[in-house]
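Everything on this sheet refers to the single structure shown next.
Protein chains: 2
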Amino acid sequence: MTPSSDLNDYAERFKLLGHPVRLQILDALRRTPECVCHLEALLGKPQPYISQQLRVLREAGVVADSKDGLNVYYHLIDPQVAALLNAALGPVLPGERSHRQALPNCVCPKCAAPARQMITLQA
Amino acid sequence: MTPSSDLNDYAERFKLLGHPVRLQILDALRRTPECVCHLEALLGKPQPYISQQLRVLREAGVVADSKDGLNVYYHLIDPQVAALLNAALGPVLPGERSHRQALPNCVCPKCAAPARQMITLQA
DNA sequence: TGTGCATATTTAGCAAAACGCATATGATCC
DNA sequence: GGATCATATGCGTTTTGCTAAATATGCACA
């Protein structure tokens with residue numbers, strides 16, 4: 000009923016997106032769930048710092064985590080944030096290359112399941 | 000070509016919206032242009048403070064001003080910000096009551112063209 | 001079972017920036 | 001001169017951005 004108190008909530012949500020690191024995380028997550036170690040390699044930031052931003056997003060109800068062995072996977076759960084990302088960055092193209100090659104086991108340089116590595120080099 | 004440098008620009012734009020006062024200003028401006036004195040009455044903040052936020056928005060290329068006699072009217076010029084506002088707050092309904100009653104001469108309590116005032120009291 | 005290694009979270013801390021606001025001054029138009 | 005608006009300055013408080021250290025937690029393997 001008081002429209003200005005709602006606006007505060009919206010401003011809070013925009014503030015979540017108004018942060019390069021968080022925006023980059025969310026842009027990655029709207030493509031596919033990602034484990035923390037991959038986000039670390041992707042953003043080039045120290046891991047505790049990424050955990051901090053993930054926590055901000057988690058406590059705001061924007062993302063959720065699910066553990067799988069050693070790894071923790073995060074995924075986007077807020078449809079409105081997804082809509083905002085689409086409105087701002089454009090929708091994710093179906094054929095668009097995801098940041099990772101294969102999902103189930105993290106493939107970023109650190110986690111390095113050696114499977115595809117030499118393919119990348121020669122092809 | 001470098002998608003992450005673009006993300007910085009997008010984050011900047013989100014940051015503009017992630018501010019209660021600016022968001023309230025933009026929400027008003029997407030309905031209709033407003034003069035500063037009306038925004039002052041609408042937000043209940045001192046005039047220099049509002050001018051300050053308007054300047055932020057102006058220098059970011061989100062709004063533009065046009066002078067008309069004593070008054071300065073601001074309007075929204077960034078279509079992408081308008082799209083984000085629509086995505087977040089919902090589109091402006093056609094019949095929705097604008098904050099002001101009549102545009103050409105500001106009608107907020109301060110500028111008070113006395114025209115409609117007693118109507119408000121009795122009806 | 002115990003030890004070690006790797007992933008991830010949490011806590012603490014700090015410098016820098018942003019915020020909220022007041023006040024004073026200036027410009028412009030009537 | 002009077003009103004609207006912009007700009008500038010200052011100040012106390014809060015938030016941000018980031019680093020570093022400490023603390024779980026799960027897996028592997030002897």
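Which chain is which? The protein sequence lines are C and B, in order.
All residue numbers for the first sequence refer to numbering that gives the first Met the number 0, where the first residue is 0 and numbers rise by one.
All residue numbers for the second sequence refer to numbering that gives the first Met the number 0, where the first residue is 0 and numbers rise by one.
Backbone N, C-alpha and C define an ideal beta-carbon position, used for all residues, glycine too.
Please read these numbers as outputs of a predicted model, since none were measured by experiment.
Item	Value
Are L16 (chain C) and L6 (chain C) touching if we call contact CB-CB under 8 Å?	no
Under a CB-based cut-off of 8 Å, is P19 (chain C) close to chain B?	yes
Around the Cβ of A87 (chain B), are there at least 16 other Cβ atoms within 10 angstroms (buried) or fewer (exposed)?	buried
Can you tell me the Cβ-Cβ gap for E39 (chain C) and Y72 (chain C), rounded? I've got them flagged as a contact below 8 Å.	13 Å between Cβ atoms; not a contact.
Name, please, each residue of chain B whose Cβ falls closer than 8 Å to the Cβ of D77 (chain C).	Within 8 Å Cβ-Cβ: nothing; D77 (chain C) doesn't reach chain B, min ~12 Å.
Which residues in chain C have a C-beta closer than 9 Å to the C-beta of A82 (chain B)? List them in chain order.	A86, A87
DSSP has V71 (chain B) in a bridge; who is on the other side?	B:K66
Short of 8 Å in beta carbon distance, which residues of its chain neighbour I76 (chain C), apart from the five on each side in sequence? Order them along the chain.	G60, V61, V62, A63
Okay, do the stretch 8-23 of chain C and the stretch 42-60 of chain C touch, 3+ Cβ pairs below 8 Å being the bar?	yes
With C-beta atoms as the reference, is R29 (chain C) less than 8 Å away from L84 (chain C)?	yes
Specify, as a first and last residue, the run of the alpha helix (DSSP H) that L92 (chain C) falls within.	No alpha helix (DSSP H) contains L92 (chain C), which DSSP labels as neither H nor E.
Give me the DSSP bridge partner(s) of C34 (chain C).	C:Y72
In three-state terms, what does DSSP make of A59 (chain B)?	coil
Just by C-beta distance, which residues in the stretch 6-39 of chain C are closer than 9 Å to chain B?	L6, N7, Y9, A10, E11, R12, F13, K14, L15, L16, G17, H18, P19, V20, R21, L22, Q23, D26
Tell me which residue opens and which closes the alpha helix (DSSP H) that R21 (chain C) is part of.	19-28
Assign K66 (chain C) to one of two classes, buried (16 or more other C-beta atoms within 10 Å of its C-beta) or exposed (fewer than that).	exposed
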